[in-house]
Amino acid sequence: MSSSPFLESVRTELRTRRYSIKTEKVYLYWIKSFIIFNEKKHPKDMSNHDIERFLNHLAVNRLVSGATQNQALCAIIFLYRYN
Numbered sequence: 003m004s005s006s007p008f009l010e011s012v013r014t015e016l017r018t019r020r021y022s023i024k025t026e027k028v029y030l031y032w033i034k035s036f037i038i039f040n041e042k043k044h045p046k047d048m049s050n051h052d053i054e055r056f057l058n059h060l061a062v063n064r065l066v067s068g069a070t071q072n073q074a075l076c077a078i079i080f081l082y083r084y085n
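Taking the numbering used here, I'd label the letters of the sequence shown as residues 3 to 85.
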């Protein structure tokens with residue numbers, strides 16, 4: 003993925019909690035997409051509104067399924083819960 007220290011800290015947390023490699027890759031993808039969508043703001047500087055905008059963007063503009071949208075939400079929840 004990226005050599006971003008922030009994403010590496012997320013990766014370390016995922017591995018510490020023994021998430022599968024597939025889950026790690028998917029979660030890092032969605033977290034990176036979330037950050038890029040929000041103009042590369044740090045997650046600590048974002049609010050619930052930013053999360054809602056991202057999830058709405060996935061549903062309306064990218065036409066992802068409900069399951070995919072839920073997967074992105076789970077990645078964001080992990081991000082805020084453990085980092």
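Note that the Cβ used here is the ideal one computed from N, Cα and C, for glycine as well.
Checklist line | Terminal residues of the alpha helix (DSSP H) in which Asn50 lies | finding: 50–62
Check: When you compare each of Arg19, Ile37, Ser22 to Leu9 by their alpha carbons, which one comes out closest?
Finding: Ile37
Margin query: Given this structure, state the Cα-to-Cα distance separating Phe39 from Ile33, to the nearest angstrom.
Written below: When rounded, the separation of the alpha-carbon atoms in Phe39 and Ile33 is 10 angstroms.
Check: With distances taken from CA atoms, which of Thr25, Ile23, Leu65, Lys46 is nearest Asn85?
Finding: Lys46
Next item on the list: Would you tell me roughly how many angstroms separate the C-alpha atoms of Leu65 and Asn72, rounded to the nearest one?
Entry: 13 angstroms
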